[in-house]
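Numbering-wise (this note's numbering), the sequence shown opens with residue 122 and increments by one.
Everything below concerns the one structure shown next.
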Amino acid sequence: MVRSYHPVIVFCFSKRECEGLALQMSKLDFNEAAEKDMVGQVFTNAISSLNEDDRALPQIENILPLLKRGIGIHHSGLLPILKEVIEILFQEGLLKCLFATETFSIGLNMPARTVVFTSVRKFDGKDFRWVMSGEYIQMSGRAGRRGLDDRGVVILMLDEKMEPAIAKGMVKGEPDVLNSAFHLSYNMILNLMRVETFTPQFMLERSFYQFQTQAEIPRLEEQAGELQAAIAQVQIDDEPAVKRFYDLKTQLESISADVTKVLIHPSHSLPFLQPGRYVRVNAGGLDFGWGCVVHFQRKIASSNPRAAKQEQKQLGAEGYIVDVLLHCKRAGSDAAVKLEASTAADGNMAVVPCDINDMAGETMVVPVLLSCIGSLSTVRVHLPKDLKSASDLKDMRKRMAEVYKRLGGNIPLLDPIKDMGISGAEFATLVQKAKSLETKLREHRLFGSGDEAQLFARYQHKVEMQSQLKDIRRKMAEAQSAVQLDELKCRQRVLRRLGYTTAEDVITMKGRVACEITSGDELLLTELMFHGVFNDLTTEQTVSLLSCFVFQEKTSGDPPQLQDDLAVPLRIMQESARKIAQTANECKLQINEEEYVSMFRSELMDVVNAWCKGAKFSQICRMTDVFEGSLIRAFRRLEELLRQMCQAAKAIGNVDLENKFADGIVKIKRDIIFAASLYLCFCKYFCKALNAFQHRAYSSAACDAPRIEPIRGLELGVAHSKLLLQTVAAVRSSSELQQLGVADSETRKMNMCQAINDALRIAMASNDTAVVFGEDVAFGGVFRCSVGLADDFGRERVFNTPLTEQGIAGFAIGMASMGHTAIAEIQFADYILPAFDQIANEAAKFRYRSGSEFNAGGVTIRAPSAAVGHGGHYHSQSPEALFAHIPGLKVVVPRSAVQAKGLLLSAIRDPNPTLVFEPKILYRSAVEQVPADDYMLPLSQAEILKPGSDVTVVGYGSQIYALENAIQMAERDMPG
122 MVRSYHPVIV FCFSKRECEG LALQMSKLDF NEAAEKDMVG QVFTNAISSL NEDDRALPQI
182 ENILPLLKRG IGIHHSGLLP ILKEVIEILF QEGLLKCLFA TETFSIGLNM PARTVVFTSV
242 RKFDGKDFRW VMSGEYIQMS GRAGRRGLDD RGVVILMLDE KMEPAIAKGM VKGEPDVLNS
302 AFHLSYNMIL NLMRVETFTP QFMLERSFYQ FQTQAEIPRL EEQAGELQAA IAQVQIDDEP
362 AVKRFYDLKT QLESISADVT KVLIHPSHSL PFLQPGRYVR VNAGGLDFGW GCVVHFQRKI
422 ASSNPRAAKQ EQKQLGAEGY IVDVLLHCKR AGSDAAVKLE ASTAADGNMA VVPCDINDMA
482 GETMVVPVLL SCIGSLSTVR VHLPKDLKSA SDLKDMRKRM AEVYKRLGGN IPLLDPIKDM
542 GISGAEFATL VQKAKSLETK LREHRLFGSG DEAQLFARYQ HKVEMQSQLK DIRRKMAEAQ
602 SAVQLDELKC RQRVLRRLGY TTAEDVITMK GRVACEITSG DELLLTELMF HGVFNDLTTE
662 QTVSLLSCFV FQEKTSGDPP QLQDDLAVPL RIMQESARKI AQTANECKLQ INEEEYVSMF
722 RSELMDVVNA WCKGAKFSQI CRMTDVFEGS LIRAFRRLEE LLRQMCQAAK AIGNVDLENK
782 FADGIVKIKR DIIFAASLYL CFCKYFCKAL NAFQHRAYSS AACDAPRIEP IRGLELGVAH
842 SKLLLQTVAA VRSSSELQQL GVADSETRKM NMCQAINDAL RIAMASNDTA VVFGEDVAFG
902 GVFRCSVGLA DDFGRERVFN TPLTEQGIAG FAIGMASMGH TAIAEIQFAD YILPAFDQIA
962 NEAAKFRYRS GSEFNAGGVT IRAPSAAVGH GGHYHSQSPE ALFAHIPGLK VVVPRSAVQA
1022 KGLLLSAIRD PNPTLVFEPK ILYRSAVEQV PADDYMLPLS QAEILKPGSD VTVVGYGSQI
1082 YALENAIQMA ERDMPG
């Protein structure tokens, strides 16, 4: 901050660490008073849509003081509405320091001047590893804002030694290669089998995964040839005997490693790590010999105690550091193998083995991981109190050399069973196998022959090359045939065995049900449905059971104890899961039965049950340690699964079950969990607060070119226009509305957006074939013109589409040709051009090209258009003139709320494809008294607003109000 490196993004690899670091900075203040007021206004406006109880959530109340100080937190555990507020505040320059997880760098274009990594190692679900170059590029790429910073600053915080090669690979490495993550699923297979002319095999052969694999064949063939030549050159005398010796030794090493793994487990080894205990250290493939234990401690990589405890549990022996007194040499940076920093607490520690009698060596305390200890001895020696002095270390080297001399190198070991008390039949069997193999190895004629090491190394090299050759040939065979074909056959056997397909691979009723489910395990859910498990459950029990299919996060501690009304359905579900796993294994699709059953997590069953019964969000948060954001994400996925279950029940004609799932949606869909996104809802107070804020971090002059000043007096001034029917009396006197017979009807005060919404409601209520669709229309649309339609008319008639304008137009034409009334919305008229071909060459000419057999007259395409004064060049264009030149199309541009309703109804009911371009600047400024009745204004009739004899002024849409001002100025300034 002192060097003006803000804004800064601090990337952490733990949600808890994000919050912990932010709280440590809670006494710092980076915002001025005006900025604090602005943060408070934005925050208050954003959460104003929440109810009183939700606004009092600890996460909401506790984060505001931090935000006012210019400090933010962003991770997946936050409430979605808080994440969106923080994103907007950061974008507006009101947050100077943001603590975020890696997800902030993905999908959000929010750069900063500086990026800080709190660590360069992360836990990837299996172990801790260095950040890969692709991950580093993604996160560090947030540093530096185009047009504002001449360079971005990236700071890496290291808590352990990083080798130059690792650092170079991370910072200068290549981005991650784009590899296909294609995998088979039962839903995919069943849906492909439903299509007569398409098969799963056909799809496998043409997948990108298959293409990538086949592209590797030439390189694999070259590698195979080189390996075959290298293997042929390796000649070993008496190879069968060497092979037997190699097999015995590798088996012994494998079993000994298993024994050591049990022996050094913290629960077994920690009680014996007393100071002075002799232990053998093996690291990096090298034997560092025997050393004395000085001390041991936990390795805590996270600053958050709770996260550290969880990490410790996952690491096991990797989670403890043991200080060992060793005689070794300090390694240079070019040492091939050494005790790396990854095994030590001291990042500067790097050593290589050294003989105890080698005076060039140095006796020192080396911190190593517990996993590097290979053996524990019965020998213990007395350690001096201070091992820092050179004399004490020299004395300890002499003691260690004396122990070697007296025992002849045969240091006695702790017996794992008798001395350490490790029990268990499996471990005893392992120890017995190790002793048996050691006896056989000693009896082999090569043992102690002198050249055993050389022969072993040569044969090991040959075996490694043979293994590589075998692996390459396997990859070549997979590439030349359809990849995953064996898995496909196994899955098809499972489907036949469970009755989802017939012997002829024809989809059965169960298969059609499974085709409807994509948000959960389709086989298990279908089995539960067909076995009647859901029939006897209440709605609350049903929804609670389904939560097991959508919640996937790990929680600390054991799952909660459930009441019988939830525990019984859970046991039934787990039994069904076991049967599916057993069937899969019988069909040679190898899956772990316990892992499969544990996939369905019951941690949220109590929480979901309480929510369905009307509990408040604050109450269910106290029932679990799951982050609030994770809870909301689980509930939203649950709502999606319930919708799919409704469709599945509908497919088998079970109305009661369909109603039960629908009732479940009603019970969970409320309050903060399903609060609308700030990006989708139009909050005028929120926008007003941001627009009023004059200090913007990104504000800078684009160039020094002179600005063209507008003519004063030609501003639209729509609110006070005399052309609007702003009173009931004006409606009554309108000759146009009198001709339509609605001048004397009931009126309601509406802006243009509300009038469009009213017209859509009337059109859908009066025509069962009318369908509204487009980008985000089911959420109410960007400008809220379709708000509430999905709730009133259902998701089958009001639905969202992908962001593809060409697809939206094509879909509308197809629906209209089949007799439907298609009302499509292009989110902004600027993006309608990709659909130009569909509209101009298909919709406009469909009737003519088919000889009037088909037509697309039922197509109406709405699009917000024109400028609003502050939009970018992709949100301010007026493309209506392009379409006005196309024969077969009608183009409509309303100027007021009354016109918007009447013209839109006429456009929807007109037998020709019609485009309605709505000036978005008038959405909320053109307010009128609008007749509540159903009425239509003629599409091909000009409107005379001011009769005259000298000058004719022509315009449409929002231009009318600028022309109105221009005429008034002319009348005032011109003579006569």
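Ideal placement from N, C-alpha and C gives every residue a C-beta, glycine not left out.
These figures come from a predicted structure and were not determined experimentally.
Cβ distance (whole Å) where residue i is taken to contact residue j below 8 Å
i	j	result
residue 1084	residue 1072	About 11 Å separates the two Cβ atoms, so there is no contact after all.
residue 260	residue 306	The Cβ separation is near 31 Å, so there is no contact.
residue 1054	residue 887	Between residue 887 and residue 1054 the Cβ distance is about 12 Å, and since that is not below 8 Å, they are no contact.
residue 517	residue 446	6 Å
Beta-carbon contacts of residue i that lie in its chain and below 7 Å, excluding the five residues immediately before and after
i	result
residue 290	254
residue 394	414, 417 and 443
Buried/exposed call for residue i, threshold 16 Cβ in 10 Å
i	result
residue 464	Below a pLDDT of 50, predicted positions are generally treated as unreliable, and residue 464, at 46, falls in that range; no measurement from the model is reported.
residue 948	buried
residue 1081	buried
residue 662	buried
residue 995	exposed
residue 591	exposed
residue 531	exposed
residue 122	exposed
residue 809	Low per-residue confidence applies at residue 809: pLDDT is 44, beneath 50, and the placement is therefore not dependable enough to give any value.
residue 527	exposed
residue 304	exposed
Beta-carbon proximity list for residue i, same chain, < 6 Å, skipping 5 on both sides
i	result
residue 1070	none
residue 461	Bear in mind that the predicted position of residue 461 carries a pLDDT of just 44, short of 50, making it unreliable; the figure below should be weighed with that in mind. If we look at residue 461 and ignore the five residues flanking it on each side, it has no Cβ neighbours.
residue 1005	1012
residue 594	none
residue 308	639 and 643
residue 963	934
residue 217	127, 128, 151 and 191
Which residues DSSP lists as bridging residue i, in chain order
i	result
residue 1039	985
residue 1052	868
residue 403	408
residue 895	921 and 946
residue 474	449
residue 264	233
residue 257	Its beta-bridge partners do not exist; DSSP assigns none.
residue 704	According to DSSP, which records beta bridges pairwise, residue 704 is partnered with nothing at all.
residue 251	242
residue 192	218
residue 441	419
residue 398	501
residue 130	219 and 236
Start and end residues, beta strand (DSSP E) containing residue i
i	result
residue 408	407 to 419
residue 496	494 to 501
residue 483	483 to 490
residue 277	274 to 277
Where the alpha helix (DSSP H) through residue i begins and ends
i	result
residue 548	546 to 564
residue 389	387 to 390
residue 186	179 to 189
residue 68	The structure shown does not extend to residue 68, since the chain is modelled only from 122 to 1097, so the question has no answer here.
residue 165	154 to 168
residue 361	360 to 384
residue 914	910 to 914
residue 649	643 to 651
residue 781	776 to 789
residue 311	307 to 314
Own chain partners of residue i with C-beta closer than 8 Å, once the 5 adjacent residues on each side are dropped
i	result
residue 975	938, 967 and 968
residue 373	555, 558, 559 and 562
residue 829	Note that residue 829 has pLDDT 41, beneath the 50 cutoff, so the model's placement of it is unreliable and the number below is only indicative. Excluding residues within five positions, none has a Cβ falling inside 8 Å.
residue 721	642, 645, 669, 670, 694, 695 and 698
residue 478	522
Cutoff 8 Å: residue i Cβ touching any chain B Cβ
i	result
residue 735	The structure shown contains no chain B; it holds only a single protein chain.
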